[in-house]
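A short worksheet on the structure shown next.
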Amino acid sequence: MKFYFNEYEKNSLIFAFTGALFFLFLHLLISYFATLFIPYLGIFSYTEVITDLHFPDFVKRLGNFDGPHYLKIADAGYERNAPAFFPLYPMLIKIVSNLFGLPLFLSGILISFFCLTGIIYLFPRLLQKIGLKKSETMISLVMLLSFPTSFFLITIYTEALFLLLLISTLILFYDKKKSPSTIASFFLPLTRFIGIFASILFFIDFLNKKQFKNNFNSNIHNVLKSFLQPQIVAISLGFFSYMTYLYIVKNDPFAFFTTQTDFSAGRQTDLILFPQVIYRYLKIFFTAEMNFQYFVAFLEFMFFGLTSLCLFLELRKIHFHKIGYLSPRMGILLFSIFNLFIPTFTGTLSSIPRYSLLSISIFIFLGEMKNNILKKFVIAFFMLLHIILFMFFIQGYFVS
């Protein structure tokens with residue numbers, strides 16, 4: 145099978161690759177200065193996996209925190225609390241390493257880099273398919289890349305892979321390419337737990353095509369039938385395949401969840417209600433000592449509040465502009481809400497600044513803002529906070 149690209153598509157691919165390359169080298173430059181001016185802390189599991197690498201400090205620290213876990217899984221499989229990290233990314237690291245004879249670390253960085261290239265290329269196309277103007281899609285892309293935690297897109301983390309899979313699945317689905325979109329959707333829950341909630345996107349689309357009448361049995365039939373959508377079935381199969389694997393090797397199909405308490409981020413396996421989480425953070429603000437951990441707690445709370453505000457305003461826009469409560473845009477919004485709120489049930493807002501990156505409805509909302517001064521202010525604020533957080537991340541301080 146041959147693939148042909150017209151001139152516009154070729155230029156877009158070149159733009160995406162160049163943009164990703166600039167993004168990577170800019171962060172390597174910032175990383176270099178971070179190693180000069182910020183004392184190194186580096187308190188996380190398996191630090192030796194990173195410190196023993198034969199790369200300069202400002203390069204190998206792109207693998208801080210979660211990176212060693214993915215590299216160890218790629219090297220030796222699942223051990224101890226490793227089931228908390230879903231398998232697709234480390235599997236790809238191992239495959240790329242074996243195919244090209246590269247170190248596992250470099251394979252992980254290359255995967256993230258090419259996923260970022262795909263994101264830059266495809267994200268504006270997805271937004272155009274749901275009704276944004278071309279100029280608005282570019283603003284949304286700038287908002288995404290300048291977002292304070294978007295540096296995770298070029299680290300040993302799953303953010304870039306998951307975001308590319310999500311965008312690709314939706315584009316294929318909206319283009320009515322059933323088989324490719326079904327295959328792509330299978331891998332979403334194998335990348336991140338939140339992937340199972342991508343089902344809402346296809347559920348909403350199915351309901352949008354059905355005629356609902358004042359017939360309870362008929363409406364229930366339509367709702368139940370929606371769960372047989374190929375993409376929803378594929379997502380379920382992807383998730384249950386990982387659970388089956390965990391049952392076989394760990395005798396615990398829920399090991400991805402029950403091991404969360406091992407990561408000392410305040411996470412619990414008991415269900416914690418949202419008001420309790422807010423109360424915990426208010427207590428921190430009024431009683432805790434003001435140090436770096438206090439700053440991180442404030443950051444998590446601020447991100448949660450601002451992201452929630454953007455999602456609420458996006459919902460109002462859908463309502464007042466009569467876009468449709470069963471439109472693709474609404475499906476993306478519901479996924480974004482699940483992505484933000486599901487982690488709070490572990491009793492903490494830890495990592496919410498990073499999780500917010502995948503709530504793509506916030507970039508849809510920000511891209512459509514009419515006030516140019518406000519847009520420039522938001523981008524400048526994002527970039528400043530982005531640089532600060534990235535420099536601390538490089539030097540081993542947990543920021544998300």
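Residue numbers for the sequence shown follow my numbering, beginning at 145 and rising by one.
Glycine included, each C-beta is placed from N, C-alpha and C at the ideal position.
Here the structure is a predicted model, which means the values were calculated and not measured.
- Look at the alpha carbon of Phe-436 and the alpha carbon of Leu-206, and state the distance between them as a whole number of angstroms. Here the question's residue 436 lines up with position 292 in the sequence shown. Here the question's residue 206 lines up with position 62 in the sequence shown. Cα to Cα, Phe-436 sits roughly 21 Å from Leu-206.
- Message: Please classify Ile-237 as buried or exposed, where buried requires at least 16 other C-beta atoms within 10 Å of its C-beta.
- Response: As a working note, residue 237 is residue 93 in the sequence shown. Taking every protein chain shown into account, the CB of Ile-237 has 16 or more other CB atoms within 10 angstroms, so this residue is buried.
- Message: Looking at Leu-185: is its Cβ nearer than 7 Å to the Cβ of Gly-540?
- Response: Working through the sequence shown from its first residue, we reach residue 185 at position 41. Working through the sequence shown from its first residue, we reach residue 540 at position 396. Their beta carbons are under 7 Å apart, which means Leu-185 touches Gly-540 by this criterion.
- Please confirm whether Phe-331 and Thr-261 have their CB atoms less than 7 Å apart. Position 187 of the sequence shown holds residue 331. Position 117 of the sequence shown holds residue 261. If you check the CB distance, Phe-331 and Thr-261 do not come in under 7 Å.
- Query: For Arg-336, is the classification buried or exposed, using 16 other Cβ atoms within 10 angstroms of its Cβ as the cut-off for buried?
  - Reply: In the sequence shown, residue 336 corresponds to position 192, counting from 1. Counting Cβ neighbours within 10 Å, Arg-336 comes out buried, since at least 16 surround it.
- Message: Taking 7 Å as the limit between beta carbons, can you name the residues of its chain near Val-440, skipping five residues before and five after?
- Response: Your numbering for residue 440 matches position 296 in the sequence shown. Correct list, in chain order: Phe-542, Val-543.
- Query: Relative to the C-alpha of Tyr-214, which residue among Ala-226, Arg-498, Lys-204 is closest?
  - Reply: Taking the first residue of the sequence shown as 1, we reach residue 214 at position 70. When only C-alpha atoms are compared, the closest one is Ala-226.
- Query: Between which two residues does the alpha helix (DSSP H) carrying Val-543 extend?
  - Reply: The residue labelled residue 543 in the question sits at position 399 within the sequence shown. Segment: none, Val-543 is in no alpha helix (DSSP H) and carries neither H nor E.
- Who are the Cβ neighbours of Leu-285 in its own chain at under 6 Å, not counting the five residues just before and after it? Within the sequence shown, residue 285 is the residue found at index 141, counting from 1. Same-chain partners within the cutoff: Phe-267, Pro-268.
- Item | Pairwise C-alpha distance: Leu-232 and Thr-431 | On the sequence shown, position 287 is the one that residue 431 refers to. On the sequence shown, position 88 is the one that residue 232 refers to. One C-alpha to the other measures close to 42 Å.
- Item | Cβ neighbour criterion (16 or more within 10 Å) applied to Ser-500 | In the sequence shown, residue 500 corresponds to position 356, counting from 1. Classification of Ser-500: buried, given that the 10 Å Cβ count is 16 or more.
- Message: In the DSSP assignment, the alpha helix (DSSP H) including Ala-432 goes from what residue to what residue?
- Response: Here residue 432 refers to the residue found at position 288 of the sequence shown. No alpha helix (DSSP H) contains Ala-432, which DSSP labels as neither H nor E.
- Message: Suppose contacts are defined by Cβ-Cβ distances below 7 Å. Is Ala-399 in contact with Ser-329 by that definition?
- Response: Here residue 399 refers to the residue found at position 255 when the sequence shown is read from its first residue. Here residue 329 refers to the residue found at position 185 when the sequence shown is read from its first residue. No, Cβ-Cβ distance for Ala-399 and Ser-329 is not below 7 Å.
- How would you call His-107, buried or exposed, if buried means at least 16 neighbouring beta carbons within 10 angstroms? Since the first and last residues shown for the chain are 145 and 544, residue 107 lies out of range.
- Message: Would the stretch 237-250 count as touching the stretch 278-298 if we require 3 or more Cβ pairs under 8 Å?
- Response: A contact between stretches requires three or more CB pairs, one per stretch, nearer than 8 Å, and the stretch 237-250 fails this requirement with the stretch 278-298.
- Cys-259 beta carbon less than 7 Å from that of Ala-218: Your numbering for residue 218 matches position 74 in the sequence shown. Your numbering for residue 259 matches position 115 in the sequence shown. It is not a contact, given that the beta carbons lie outside the stated cut-off.
- Contact check, Leu-526 vs Phe-291 under 8 Å by CB: the rounded distance? The residue labelled residue 526 in the question sits at position 382 within the sequence shown. The residue labelled residue 291 in the question sits at position 147 within the sequence shown. Note that residue 526 is Phe in the sequence shown, not Leu. With 8 Å as the limit, Phe-526 and Phe-291 qualify as a contact, their Cβ atoms being about 6 Å apart.
- Excluding five sequence neighbours on each side, which residues of the same chain lie with their C-beta closer than 8 Å to the C-beta of Phe-509? Here the question's residue 509 lines up with position 365 in the sequence shown. Cβ within range, chain order: Cys-454, Leu-455, Leu-457, Glu-458, Lys-461.
- Query: With 16 other CB atoms within 10 Å as the buried threshold, where does Thr-388 fall?
  - Reply: Within the sequence shown, the letter at position 244 stands for residue 388. Around the beta-carbon of Thr-388, fewer than 16 other beta-carbon atoms lie within 10 Å, marking it exposed.
- Query: Exposed or buried, what is Val-393 when buried is set at 16 or more other beta-carbons lying within 10 Å of its beta-carbon?
  - Reply: Taking the sequence shown and counting its residues from 1, one reaches residue 393 at position 249. By the 10 Å Cβ count, Val-393 comes out exposed.
- Can the beta-carbon of Phe-448 be found closer than 7 Å to that of Leu-288? Taking the sequence shown and counting its residues from 1, the one referred to as residue 448 is at position 304. Taking the sequence shown and counting its residues from 1, the one referred to as residue 288 is at position 144. The answer is no: Cβ separation not under 7 Å.
- Message: Quick check on DSSP: helix, strand or coil for Leu-248?
- Response: Here residue 248 is taken as the residue at index 104 of the sequence shown, counted from 1. Of the three classes helix, strand and coil, the one that applies to Leu-248 here is helix, per DSSP.
- Consult DSSP for Arg-460 and reduce its assignment to one of helix, strand or coil. Counted from its first residue, the sequence shown places residue 460 at position 316. Helix at Arg-460.
- Message: On a Cα-Cα basis, can you pick out the residue from Pro-333, Thr-299, Pro-374 that is closest to Lys-322?
- Response: Here residue 322 refers to the residue found at position 178 when the sequence shown is read from its first residue. When each option's Cα is compared against that of Lys-322, the closest is Pro-374.
- Task: Give me the Cβ distance between Asp-319 and Gly-475, rounded to the nearest whole Å; I'm assuming they're in contact under 8 Å.
- Result: Mapped onto the sequence shown, residue 319 falls at position 175. Mapped onto the sequence shown, residue 475 falls at position 331. In fact, because the Cβ distance is near 16 Å, the residues do not count as touching under 8 Å.
- Query: Expressed to the nearest angstrom, what Euclidean distance is found between the alpha-carbon atoms of Ile-481 and Glu-280?
  - Reply: For the purposes of this step, residue 481 is taken as the residue at position 337 of the sequence shown. For the purposes of this step, residue 280 is taken as the residue at position 136 of the sequence shown. Roughly 22 Å between the two C-alpha positions.
- How would you label Phe-534, buried or exposed, when you count the other beta carbons within 10 angstroms and need 16 or more for buried? The sequence position of residue 534 within the sequence shown is 390, counting from 1. Classification of Phe-534: buried, given that the 10 Å Cβ count is 16 or more.
- Length of the line joining the Cα atoms of Lys-146 and Gly-252: Locating residue 146 in the sequence shown gives position 2, where the first residue counts as 1. Locating residue 252 in the sequence shown gives position 108, where the first residue counts as 1. Here the model assigns Lys-146 a pLDDT of 46, short of 50, so the residue's position is not dependable, and the following value carries that caveat. Approximately 28 Å between the Cα atoms of the pair.
- Task: Can you give me the Cβ contacts of Leu-345 inside the same chain, cut-off strictly under 7 Å, excluding the 5 residues immediately before and after it?
- Result: Taking the sequence shown and counting its residues from 1, one reaches residue 345 at position 201. If we look at Leu-345 and ignore the five residues flanking it on each side, its Cβ neighbours are Leu-314, Gly-475, Ile-476, Phe-479.
- Where the alpha helix (DSSP H) through His-171 begins and ends: As a working mapping, residue 171 is identified with position 27 in the sequence shown. Counting along the chain, the alpha helix (DSSP H) containing His-171 begins and ends at 151-181.
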